[in-house]
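2 protein chains.
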Amino acid sequence: MEIKVLKDILSANDQRARENRALLDEHHVFTVNITASPGAGKTSVILETIHRLKDRITFGVVEGDVSSSIDAKMVGKEGVPVVQINTGGTCHLDATMVSNALSNLPLAKIDLLIIENVGNLICPASFALGEDRKVLVASVPEGHDKPHKYPVMFSQADVVILNKMDLLPHTDFDLKAFESAVDGLSNKAQILRVSCKTGEGIEAWIAWLLEQLPAC
Amino acid sequence: MEIKVLKDILSANDQRARENRALLDEHHVFTVNITASPGAGKTSVILETIHRLKDRITFGVVEGDVSSSIDAKMVGKEGVPVVQINTGGTCHLDATMVSNALSNLPLAKIDLLIIENVGNLICPASFALGEDRKVLVASVPEGHDKPHKYPVMFSQADVVILNKMDLLPHTDFDLKAFESAVDGLSNKAQILRVSCKTGEGIEAWIAWLLEQLPAC
């Protein structure tokens, strides 16, 4: 009974996600869905991306949080159109929430839409939003065992950004163990070692992102 | 319709949590439910607690994870009875899962039962398990804004362990901002500054825990 309800919800979500994707395609908007644990650095990655590329492409951002509009305010300062979704108590964004956000964004003027999902390594994996690519931000202080503990999220990622590399000397994080665990879960995900604090690896991330984008 | 289903689930869970609590009380087992983001250090806190107190009290541990038994193996090495719950895809423990675990633990021989919840700052807040106290482990590299983003979890906590204090000099974490945000959400939660790596604050955590325990 409960499983039936969940299947209905997921199936309705997939349908809405396809509608989002069709709308985004119609407006030539390329969309990435960024997921992570709380505090891994999703917002920092987004801000770095805007800084590096805002003279070349146009952005839109959807900020998903259970509560608060801290991230939307930071992104808004960059002069980028942003919509904050507060989920109330829901632990993920779903396609209907994103659909509502899209109707509040100037899609015709956006090349790249970045959706910052709720900080959670579990449920966002079950809810397609209409994105072209899934980006997972992990971080060094969380530990190298996270791919084993949250395998679905890691297996779906098109790219894994391992952020906070600057903290590596201060932890017992095992890079090889992390990277081989990710490789074991996904044969598509590229792993990028990044520090938003020092700038390490940001160029590689930008290069990866530009490769994905259709010529604009 | 969907809301009705959720209400039914939560109400059934509360009933089962009361049954767990009655069973635990009957066996004089004091129970803590530990929640956190992925990688904040729940397992390290549990291991430190066992190390410091295993000559004085007896332990049981329930390990909740979406996948893997990494944590249960680490705890098992300490000679403590441990049950691993793999939730499959569910992002929290519920009272029924814990009830099943309890039937596999020697309750008559346990003073303190530690339940390590799934790494997630959202949904575990909605599911009572039958615990006496709620312990929230936050960590410095996650950033000081987390209480604003996950207010329900922080407002419910009886104690907030701020772990990874050793990383403070390497981050822009604002202790005052974090602590005043926690204070604003809860007038009961004590905040303990801890580093499982250096041992800082572990004595204060042990003292807090012993104060909660009934004389045994």
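Residue numbers (the working numbering), protein chains in the order written: chain A, 1 to 216; chain B, 1001 to 1216.
In this text, a Cβ means the ideal position worked out from N, Cα and C, and glycines have one as well.
Buried/exposed call for residue i, threshold 16 Cβ in 10 Å
i               : result
N100 (chain A)  : exposed
K1146 (chain B) : buried
L113 (chain A)  : buried
P214 (chain A)  : exposed
L1185 (chain B) : buried
K1149 (chain B) : buried
A22 (chain A)   : exposed
Q1015 (chain B) : exposed
P1124 (chain B) : buried
G1143 (chain B) : buried
L6 (chain A)    : exposed
E211 (chain A)  : exposed
N1020 (chain B) : buried
N187 (chain A)  : exposed
D1094 (chain B) : buried
CA-to-CA distance, residue j to residue i, given in whole angstroms
i               : j               : result
A1012 (chain B) : E63 (chain A)   : 33 Å
N86 (chain A)   : L107 (chain A)  : 21 Å
G119 (chain A)  : D174 (chain A)  : 23 Å
K54 (chain A)   : L24 (chain A)   : 20 Å
P1038 (chain B) : K176 (chain A)  : 20 Å
R133 (chain A)  : P141 (chain A)  : 25 Å
E1179 (chain B) : A1189 (chain B) : 10 Å
G76 (chain A)   : S103 (chain A)  : 18 Å
L984 (chain B)  : W1208 (chain B) : The first residue shown for chain B is 1001 and the last is 1216, placing residue 984 (chain B) beyond what the model contains.
V83 (chain A)   : I34 (chain A)   : 15 Å
A40 (chain A)   : L121 (chain A)  : 11 Å
H1092 (chain B) : G60 (chain A)   : 32 Å
H51 (chain A)   : G201 (chain A)  : 15 Å
H1027 (chain B) : M1165 (chain B) : 37 Å
E203 (chain A)  : I57 (chain A)   : 16 Å
V1066 (chain B) : P151 (chain A)  : 9 Å
M1097 (chain B) : P81 (chain A)   : 44 Å
T1171 (chain B) : L168 (chain A)  : 13 Å
T1031 (chain B) : M1074 (chain B) : 20 Å
A72 (chain A)   : D1111 (chain B) : 47 Å
I115 (chain A)  : R1193 (chain B) : 34 Å
V29 (chain A)   : G89 (chain A)   : 29 Å
M1001 (chain B) : G79 (chain A)   : Residue placement at M1001 (chain B) is flagged as unreliable, the pLDDT there being 47, under the threshold of 50; the coordinate-derived value follows with that caveat. Rounded to the nearest angstrom, the two C-alpha atoms are 40 Å apart.
K1004 (chain B) : L1010 (chain B) : 10 Å
A1237 (chain B) : N1163 (chain B) : A question about residue 1237 (chain B) goes unanswered here, because the residues of chain B that appear run from 1001 up to 1216.
S68 (chain A)   : S1068 (chain B) : 33 Å
R1018 (chain B) : T49 (chain A)   : 49 Å
N1117 (chain B) : K109 (chain A)  : 44 Å
S1155 (chain B) : D1008 (chain B) : 24 Å
I206 (chain A)  : I191 (chain A)  : 13 Å
D1183 (chain B) : D183 (chain A)  : 42 Å
A1181 (chain B) : S1139 (chain B) : 15 Å
L105 (chain A)  : L1105 (chain B) : 54 Å
I1070 (chain B) : M153 (chain A)  : 18 Å
Where the beta strand (DSSP E) through residue i begins and ends
i               : result
V1075 (chain B) : Run containing V1075 (chain B): none in the beta strand (DSSP E); it sits in the alpha helix (DSSP H), I1070 to G1076.
E116 (chain A)  : L112 to E116
T31 (chain A)   : F30 to A36
E63 (chain A)   : F59 to D65
A138 (chain A)  : R133 to S139
V1160 (chain B) : V1159 to N1163
V1082 (chain B) : V1082 to N1086
R193 (chain A)  : Q190 to R193
Start-to-end residues for the alpha helix (DSSP H) that takes in residue i
i               : result
D1183 (chain B) : L1175 to L1185
K1146 (chain B) : K1146 to K1149
N1100 (chain B) : A1095 to L1102
L209 (chain A)  : I202 to Q212
I1050 (chain B) : K1042 to L1053
Proximity test, residue i beta-carbon vs the ligand COA heavy atom, cut-off 7 Å
i              : result
N120 (chain A) : In the structure on display, the ligand COA does not appear, and there are no ligands present to speak of.
For the 8 Å Cβ check, are there 3 or more pairs between the region 123-130 of chain A and the region 159-167 of chain A? no
Tell me whether the region 1190-1199 of chain B and the region 1043-1053 of chain B touch, counting them as touching only if at least three CB pairs, one residue from each stretch, are closer than 8 Å. yes
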